[in-house]
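Report on the following structure.
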Amino acid sequence: MQKVITLSRQFGSGGSEIANKLSERLKIPYYDKGIIEHAASESGIAKEHFEKADERRTNSFLFSLVSSHYGGSVAPVQLNDIITDDKLFIHTAEAIRKFAAQPCIIVGRCADDILRDFPIIKLYVYADMNFRAARIMKLYDLNEKAAITLIKKTDKKRANYYNFYTSKNWGEADNYDLCLSTSKLGIDKTVDFLEEYVRKVGD
């Protein structure tokens with residue numbers, strides 16, 4: 481069964497929780513923040529740089545010069561010592577490709593495009609604003625207005641990052657194999673649905 485899965489998600493839709501539970505069901509690891517830790521360890525660049533640039537769009541021209549090689553092992557060592565968002569992305573992409581050598585779930589960070597030459601299952605989860613706001617209010621102890629503001633800002637940041645590095649539109653159905661609303665099913669039933677889907681697709 482093919483079990484390399486990428487999971488993109490709207491902020492507040494429960495994507496990380498779903499990835500965690502699905503990984504337990506399928507008995508494969510999932511990688512979210514661990515991608516940053518691995519990229520930092522392999523590159524020798526402080527993790528704080530990756531955290532600050534995490535899913536943030538760059539304005540530099542460097543990426544356009546090396547984009548055709550960002551999944552390989554050559555481009556990063558050819559770059560100069562200046563730490564840019566592009567250089568961080570290249571190291572992140574390398575980490576993602578290494579993880580994808582074995583069955584796993586990878587959350588966000590353009591993994592569906594970075595692994596476009598891999599036989600992956602590309603998932604996207606979203607939810608209506610009321611559902612997302614309720615989750616973020618509880619998770620971050622925010623009022624409704626603050627939660628909605630955070631959701632919109634985070635989604636915009638993720639969209640800018642994805643659109644820039646992939647030249648695609650974040651959240652557009654054509655980019656994924658399956659798009660599913662967690663507000664319709666709830667988290668646990670979404671996991672049930674995705675587990676069945678992944679098992680059938682992987683047969």
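Letter by letter, the sequence shown follows residues 481 to 683 of my numbering.
In this text, a Cβ means the ideal position worked out from N, Cα and C, and glycines have one as well.
A quick note: this is a predicted structure, and the numbers were derived from the prediction, not measured.
Specify the secondary structure class of S503 as computed by DSSP and reduced to three states. helix
Please check the pair Y511 and I586, which I expect to be a contact at CB under 8 Å, by giving their CB distance rounded to whole angstroms. 5 Å
As a quick exercise: from R489, A499, G492, pick the residue whose alpha carbon is nearest that of K483. A499
Using only the alpha-carbon positions, how far apart do A627 and M617 sit? 6 Å
Could you give the DSSP three-state label for V483: helix, strand or coil? In the sequence under discussion, the amino acid at residue 483 is Lys, which differs from the Val named in the question. The answer is coil: DSSP assigns K483 none of H, G, I, E or B.
With which residues is Y677 paired in a DSSP beta bridge? Partner(s): none; Y677 has no beta bridge.
Identify the continuous beta strand (DSSP E) that holds S661 and give its terminal residues. 658-661
Which first and last residues belong to the alpha helix (DSSP H) in which K648 is found? Careful: K648 lies outside any alpha helix (DSSP H) and carries neither H nor E.
From L502, G588, Y620, pick the residue whose C-alpha is nearest to that of R489; which is it? G588
Taking all protein chains shown into account, do 16 or more other C-beta atoms lie within 10 angstroms of the C-beta of T486, making it buried, or fewer, making it exposed? buried
Spatially closest choice to E675 from G494, F491, L506, G495, by CA coordinates: L506
Taking the continuous beta strand (DSSP E) assigned at L603, which residues delimit it? 601-606
I585, enclosing beta strand (DSSP E) - first and last residue: 584-587
Quick one: give me the first and last residue of the alpha helix (DSSP H) that F598 is part of. That residue, F598, is in no alpha helix (DSSP H); it is neither H nor E in DSSP.
What number of angstroms, rounded off, separates the C-alpha of K468 from the C-alpha of D608? Residue numbering for the chain in the displayed model covers 481 to 683; residue 468 lies beyond these limits and cannot be assessed.
Alpha carbon to alpha carbon, how far is G492 from S647? 24 Å
Under three-state DSSP, which class holds S488? strand
Rounded straight-line distance, which links the Cα of D621 to that of D593: 34 Å
For F673 and Y645, I'd like the C-alpha separation in whole angstroms. 30 Å
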